[in-house]
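Okay, so the sequence shown: first residue is 1 according to the working numbering, each after it adds one. One structure below.
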Amino acid sequence: MNLSKFAVKKPVTITMMMLVIILLGTISLTRLPLDLMPDIEIPVAIVSTSYSGVGPHEMENLVTRPIEDAVATVADLDTVTSMSSQGTSIVVAQFDFGTNMDFAALEMREKVDMVRGRLPDDASQPMVMKLDMNAMPIVMLSLSNGEDLFELQALAEDTMKPRLERISGVASVSIMGDYINEIEIKVNQQKLNAYGIGVDQLAQVIGAANINVPGGTVERGTEKLTIRTLGEFETVEEIGELPITLSSGSIIRLKDVAEVGLIQKEIESISRTNGKNGIGIQIQKQSGSNTVQVANSVNREVERLRVDYPQFEIVTIFDQSDYINDAIANVAKNALVGGLLAILILYLFLRNIRSTMIIATALPISIIATFVLLYFNNITLNLMTLGGLALGVGMLVDNAIVVLENIYRYRTEGYSRIEAAIEGAKEVSMAVTASTLTTIAVFAPIVFVGGLTSILFGEFAMTVTLSLVASLVVALTFIPMLSSKILKVDRIVEGEKPKKRKIFTGIYDLFDRAFSGLEKTYKKILVWGLGHRKTLIFMTIVIFVASVSSVFLVGAEFFPASDQGQIDVNVTLPTGSQLSETDEILQRIEALVAPIEEIDIVYSTIGGSMGAGFMSSNENRGSMTVMLVSLSQRSRSDNEVADEIRSLVRDIAGAEISVASADGMAMGGASAPIEIKVKGDDLEVLKEITEDFRRIVAQVEGTRDVETSFSEGVPELQIHINKYQASTYGLTTAQVANAVRNFALGTTVSRFREDGDETNIIIRGEESIRQDLANLEQIGIQTPMGSTVPLNQVADMYIAQGPTSINREDQHRVATVTSELSGRDLVSVTRDITALLEDYDLPEGYFYQMGGENEQMVEAFADLLLAIVLAIILVYMVMASQFESLMHPFTIIMSIPLAFSGGFLGLFITGRTLNVPAFIGLLMLAGIVINNGIVLVDYINILRGSGKERSEAITIAGPTRLRPILMTTLTTVLAMVPLALGIGEGAEAQAPMATTVIGGLLLSTVLTLLVTPIIYTIMDDFAIWVKRKIKRKGKETITN
1 MNLSKFAVKK PVTITMMMLV IILLGTISLT RLPLDLMPDI EIPVAIVSTS YSGVGPHEME
61 NLVTRPIEDA VATVADLDTV TSMSSQGTSI VVAQFDFGTN MDFAALEMRE KVDMVRGRLP
121 DDASQPMVMK LDMNAMPIVM LSLSNGEDLF ELQALAEDTM KPRLERISGV ASVSIMGDYI
181 NEIEIKVNQQ KLNAYGIGVD QLAQVIGAAN INVPGGTVER GTEKLTIRTL GEFETVEEIG
241 ELPITLSSGS IIRLKDVAEV GLIQKEIESI SRTNGKNGIG IQIQKQSGSN TVQVANSVNR
301 EVERLRVDYP QFEIVTIFDQ SDYINDAIAN VAKNALVGGL LAILILYLFL RNIRSTMIIA
361 TALPISIIAT FVLLYFNNIT LNLMTLGGLA LGVGMLVDNA IVVLENIYRY RTEGYSRIEA
421 AIEGAKEVSM AVTASTLTTI AVFAPIVFVG GLTSILFGEF AMTVTLSLVA SLVVALTFIP
481 MLSSKILKVD RIVEGEKPKK RKIFTGIYDL FDRAFSGLEK TYKKILVWGL GHRKTLIFMT
541 IVIFVASVSS VFLVGAEFFP ASDQGQIDVN VTLPTGSQLS ETDEILQRIE ALVAPIEEID
601 IVYSTIGGSM GAGFMSSNEN RGSMTVMLVS LSQRSRSDNE VADEIRSLVR DIAGAEISVA
661 SADGMAMGGA SAPIEIKVKG DDLEVLKEIT EDFRRIVAQV EGTRDVETSF SEGVPELQIH
721 INKYQASTYG LTTAQVANAV RNFALGTTVS RFREDGDETN IIIRGEESIR QDLANLEQIG
781 IQTPMGSTVP LNQVADMYIA QGPTSINRED QHRVATVTSE LSGRDLVSVT RDITALLEDY
841 DLPEGYFYQM GGENEQMVEA FADLLLAIVL AIILVYMVMA SQFESLMHPF TIIMSIPLAF
901 SGGFLGLFIT GRTLNVPAFI GLLMLAGIVI NNGIVLVDYI NILRGSGKER SEAITIAGPT
961 RLRPILMTTL TTVLAMVPLA LGIGEGAEAQ APMATTVIGG LLLSTVLTLL VTPIIYTIMD
1021 DFAIWVKRKI KRKGKETITN
């Protein structure tokens, strides 16, 4: 059935269908979730195990290695890395992208449970969890009042947290503060020794006394009573009155050997916002919920909290919805501006307000129809999907332009509106369908190549595909129908000058003269080229080679950095530094950056940091998050502000300070742009090699903040148990170790409950034990016989340096050297580093690998090269089906390499690098640029089919199709110009794509108009030669 004929004959039906689409699209748009990026499932699972008091070496051998052995057998595993530190083992399993992480995590739990028996009894149950992007906070608040921070945290825990957690879409609320109370039982060592009591005995007695136990039921007549044995402490004073039975049978009170009291927990971390100490509050959203809606609900509740508690200052440090809204609005604005530019260029060509209005009406209908398709495919509105729409705005009108221009041509030739609409649309229907299918075909390989690129740009490809399908349907139905009703053509009577609008007369005359001259020049060159085919092909090859050579000058990187207005400052003091010393350095930095105009909020954390879902505490470390005002309110980028901060803190002595812009576009979890992994067995040798590599990397231009994974060793007191001596007292290593831990570190023996709140009950030794080594040597270890023996009787003590952590990858010890980039691209810096490292003589059994973003970039580029090859093959197949020829598709497909050379030239001129978005631009070019060739070759074949000689058909088809080809090219190019400028939030991802497409389209259009007809004749001659050859052989066979 002729779809266009049906549309022209049924205008009311088509109009109602379009109104239905508009209605559904409007509803869909209001219900489409807004997010920054597509929902990406990070293929990472983590196994976390704690074993208090155990050093990195012991954690590696006793805990990490058995778990690594188990995890290594899980299916679809890519890499296993681990970190063994003081009392903690973290094993990270990286899977292939696309792995079902629910099943992978379940299998990991099963494998880890199987080795639970090989782990020490005192080690915690290994906890397996998926790395969830939703675990990252969408809103972060700071709460301060300048007074009692312990009271402030209690308010945050008891009141604010429950109110925020009740909000629909909120998964959890985390309070980032260390201001809590605890009940301390501070034992007196001398009194314990005098009574012959060990601290372990006290811990057992307290834990056994503070319990409520259910005991079933008992009947009293007809009544059934529940039995409960109540023993929990009701007051703090009651804890001190707890009776302790001595081995002699006499009884003392706990307060006789220890001080019991409610105290404020020792501060291990500090949070500060704009110079004021306070509490941090992080809000995480539920998986699948709308980030913007949840953040808006949180902000409304925060406003109510500000009204209810005016005495407290609640500051929003970070709100992900702000950047999302700004980025989405910026992309939408660019799409709107691009669409208006495309409409203007159309009007300039068509010179007909009605024709222009037909196209201008078709464009929003295509976009609205795309919203319907997105909604029913469960695709969110994000930078990728809106970027696909914005980049596709120019392409959306291409089909409509070709159809309308042909209808317009039929009208100028005297056909009626209905005849022109039916015949004009019918003539180009196959061409526009084929051109749409070829454009769609280039996106199909993205789904199959896999990896992060497939996941990240899958929705982008789907959006472009759906929008092109919508535009094709609109072009073949709505355009002919509307043209048959309102298209008006001014016929020119011979000898009469065409009517012109006086206001635009000058512009029209100038455009007419320019286009008329262009048309004549093009025809002359085309005629000349048909007679000088070799010369024209040689000139094209020269231009192609010159353009392609620019790719070696543009450099390459994985993904363009984005300006999210956030700068991270990390501070590390020498190991063993006190919290107050670290705080002093952070305060100095805060004072230095305060005058910078672009800074909005400065949030500092000292001693505690949140990363990958784990809370770590190191008194010698601190971090500062610097939030800048929005891009519209500042003239400098985040990198420029970071450079100023870097110069301000350069002279601060006694601390390592790194400053870097936070990059929300950094995908795949790479730790740094440059990462060198050195693998081997001996930690000292690894340390020596990485230090050498650090010096080598630091020499390379473009590197900054070069660091190794080794930090200064932790000074530690190593207690070596004399097993023979301990056994004479009936003691085991575990008993001695537990006693030392209870005295020095303290342990939580129970919890005190009052009014629904829980307070830890901690038992520990007096401060004098931790302040003097001689006192620690004298702590009493209770023996099974009831007596106590000093620690120095069963153990020897040494002071040594121990590693802070031991890292492993794929069951090998690994150390890394990392570096940030400054002023140079990733590929050139990596190339220089690799050249220097080749001369380094590694010891036997040691080797290195390049990781970081370079590793991700190589993998992504390989995937995308495969996608481009597959796309070209699919495009060829579609064209071969359309032309029913194996030769003509080669004619058109030759324009693809010409487009690629133009894309490289565009990157070179604009100073942009070759990256993943630029590669996607090349992929798009493979489908876009052949559209011009399809329209041209299709019309040549139509003319030849009507009896025209080949050269005549070409010289007629070229100038005839010049106008629609230029119209479609310029509308696509102009629609992408706002995106190519890369201005505004979130524009960094689309700018390389748009630049590549614009450069490729402009160069390929010029060359295609000249070269495609020439290649057409060459291929046609080759086909004729082949047919003659086959025919001649056939005759020879018959003769023989």
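Don't be surprised by glycine CBs; every beta carbon is placed ideally from N, CA and C.
Between 109, 817 and 919, which lies nearest to residue 991 when the distance is taken from Cα to Cα?
The residue given as residue 991 occupies position 991 in the sequence shown. Minimum Cα distance to residue 991 is reached at 919.
Would you say the segment 596–604 touches the segment 616–629, given that touching needs at least three Cβ pairs under 8 Å?
yes
Mind reading off the beta-carbon distance from residue 860 to residue 453? Whole number of angstroms is fine, and I expect it under 8 Å.
Here residue 860 corresponds to residue number 860 of the sequence shown, with the count starting at 1. Here residue 453 corresponds to residue number 453 of the sequence shown, with the count starting at 1. Contact flag correct, Cβ pair sits at about 5 Å.
Member of 241, 404 and 895 whose CA lies at the smallest distance from the CA of residue 354
The residue given as residue 354 occupies position 354 in the sequence shown. Here the closest residue by C-alpha is 404.
If you draw a straight line from the C-alpha of residue 579 to the C-alpha of residue 607, how long is it?
Here residue 579 refers to the residue found at position 579 of the sequence shown. Here residue 607 refers to the residue found at position 607 of the sequence shown. Cα to Cα, residue 579 sits roughly 6 Å from residue 607.
C-alpha distance - residue 441 paired with residue 77, whole-angstrom precision:
If you number the sequence shown from 1, residue 441 lands on position 441. If you number the sequence shown from 1, residue 77 lands on position 77. Taking the straight line joining both Cα atoms gives about 32 Å.
Is there contact between the segment 755–762 and the segment 703–710, where contact requires at least three CB pairs shorter than 8 Å?
no
In chain order, what residues of the same chain have a beta carbon less than 7 Å from the beta carbon of residue 195, not counting five sequence neighbours either side?
As a position in the sequence shown, residue 195 is number 195, starting the count at 1. Closer than 7 Å at Cβ, skipping near neighbours: 246, 252 and 257.
Does DSSP classify residue 426 as helix, strand or coil?
On the sequence shown, position 426 is the one that residue 426 refers to. Looking at residue 426 - three-state DSSP - the assignment turns out to be helix.
Compute the Euclidean distance between the alpha carbons of residue 1023 and residue 888, then round it to the nearest angstrom.
Counting from one through the sequence shown, the residue named residue 1023 turns up at place 1023. Counting from one through the sequence shown, the residue named residue 888 turns up at place 888. Computed Cα separation, rounded: 10 Å.
Specify, as a first and last residue, the run of the beta strand (DSSP E) that residue 48 falls within.
Along the sequence shown, read from residue 1 onward, the residue named residue 48 stands at position 48. Here the beta strand (DSSP E) through residue 48 covers 44–50.
Locate the beta strand (DSSP E) running through residue 793, then write down its first and last residues.
In the sequence shown, counting from the first residue as 1, residue 793 sits at position 793. That residue, residue 793, is in no beta strand (DSSP E); it is neither H nor E in DSSP.
CA-CA distance, residue 487 and residue 320?
Taking the first residue of the sequence shown as 1, we reach residue 487 at position 487. Taking the first residue of the sequence shown as 1, we reach residue 320 at position 320. Distance between the alpha carbons of residue 487 and residue 320 is about 48 Å.
Could you check the C-alpha separation between residue 167 and residue 376 for me, to the nearest Å?
Locating residue 167 in the sequence shown gives position 167, counting from the first residue. Locating residue 376 in the sequence shown gives position 376, counting from the first residue. Distance between the alpha carbons of residue 167 and residue 376 is about 27 Å.
Starting from the N-terminal side, write out each stretch of the beta strand (DSSP E) that is 3 residues or longer and does not extend beyond the segment 93–166.
127–130 and 139–144
Which stretch, first to last residue, makes up the alpha helix (DSSP H) that contains residue 354?
Residue 354 sits at position 354 when you count from the first residue of the sequence shown. Run containing residue 354: 353–376, per the alpha helix (DSSP H) assignment.
In chain order, what residues of the same chain lie with their CB nearer than 6 Å to the CB of residue 297, ignoring the 5 residues before and after it?
Here residue 297 corresponds to residue number 297 of the sequence shown, with the count starting at 1. For residue 297, where only same-chain residues beyond five positions count, the Cβ hits under 6 Å are 167.
Quick check: what's the CA-CA separation for residue 81 versus residue 93?
On the sequence shown, residue 81 is found 81 positions in, with the first residue counted as 1. On the sequence shown, residue 93 is found 93 positions in, with the first residue counted as 1. Each residue's Cα considered, the two are about 7 Å apart.
Under the rule that 16 or more other beta-carbon atoms within 10 Å means buried, what is residue 493, buried or exposed?
If you number the sequence shown from 1, residue 493 lands on position 493. Residue confidence is low: residue 493 scores 47 on pLDDT, short of 50, so the model does not pin down where it sits. Its coordinate-derived value is still stated next. When all chains shown are included, residue 493 counts as exposed.
On a Cα-Cα basis, can you pick out the residue from 118, 999 and 143 that is closest to residue 275?
Translated into positions along the sequence shown, residue 275 becomes position 275. Ranking the options by Cα distance to residue 275, first place goes to 143.
Segments assigned alpha helix (DSSP H), at least 4 residues, entirely inside the segment 498–586
Counting only runs of 4 or more, we get 505–531, 533–548 and 551–554.
Which residues mark the beginning and the end of the alpha helix (DSSP H) in which residue 321 is found?
Here residue 321 corresponds to residue number 321 of the sequence shown, with the count starting at 1. Element bounds for residue 321: 320–350.
Distance, residue 676 Cα to residue 851 Cα
On the sequence shown, residue 851 is found 851 positions in, with the first residue counted as 1. On the sequence shown, residue 676 is found 676 positions in, with the first residue counted as 1. Roughly 6 Å between the two C-alpha positions.
Distance, residue 394 Cα to residue 669 Cα:
The residue labelled residue 669 in the question sits at position 669 within the sequence shown. The residue labelled residue 394 in the question sits at position 394 within the sequence shown. Here the model assigns residue 669 a pLDDT of 49, short of 50, so the residue's position is not dependable, and the following value carries that caveat. Their backbone Cα atoms lie some 35 Å apart in a straight line.
Residue 539 to residue 673 span [Cα, whole Å]
Start at 1 with the first residue of the sequence shown, and residue 539 comes out as number 539. Start at 1 with the first residue of the sequence shown, and residue 673 comes out as number 673. Going by the C-alpha atoms only, they are around 41 Å apart.
Just verifying my parser: in three-state terms, what is the DSSP assignment at residue 224?
Your numbering for residue 224 matches position 224 in the sequence shown. Strand.
Just the Cα atoms here: how many angstroms apart are residue 777 and residue 190?
The residue you call residue 777 lines up with position 777 of the sequence shown. The residue you call residue 190 lines up with position 190 of the sequence shown. Computed Cα separation, rounded: 13 Å.
In chain order, what residues of the same chain lie with their CB nearer than 8 Å to the CB of residue 694, ignoring the 5 residues before and after it?
The sequence position of residue 694 within the sequence shown is 694, counting from 1. So the list reads 706, 707, 708 and 817, once near-sequence residues are dropped.
As a quick exercise: from 317, 399 and 824, pick the residue whose alpha carbon is nearest that of residue 281.
Reading the sequence shown from its first residue, position 281 is the one you call residue 281. Ranking 317, 399 and 824 by Cα distance to residue 281 puts 317 first.
Cutoff 7 Å; reference residue 114; Cβ partners in own chain excluding five residues on either side:
The residue labelled residue 114 in the question sits at position 114 within the sequence shown. Contacts found: 70.
Terminal residues of the continuous beta strand (DSSP E) containing residue 660?
Position 660 of the sequence shown holds residue 660. That run of the beta strand (DSSP E) goes 656–661.
Going by DSSP, which residues form a beta bridge with residue 904?
As a first step, residue 904 is located in the sequence shown; it is residue number 904 there, counting from the start. None, per the DSSP bridge assignment.
For residue 208 and residue 785, I'd like the C-alpha separation in whole angstroms.
Residue 208 sits at position 208 when you count from the first residue of the sequence shown. Residue 785 sits at position 785 when you count from the first residue of the sequence shown. For the pair residue 208 and residue 785, the Cα-to-Cα distance works out to about 21 Å.
Determine the direct distance from the alpha carbon of residue 893 to that of residue 886, and round the result to whole angstroms.
If you number the sequence shown from 1, residue 886 lands on position 886. If you number the sequence shown from 1, residue 893 lands on position 893. For residue 886 and residue 893, the distance between alpha carbons rounds to 12 Å.
According to DSSP, is residue 478 helix, strand or coil?
Mapped onto the sequence shown, residue 478 falls at position 478. Reduced to three states, the DSSP call for residue 478 is helix.
Over the uninterrupted beta strand (DSSP E) stretch that includes residue 931, give me the two end residues.
Along the sequence shown, read from residue 1 onward, the residue named residue 931 stands at position 931. For residue 931, there is no enclosing beta strand (DSSP E); the enclosing alpha helix (DSSP H) covers residues 930–945.
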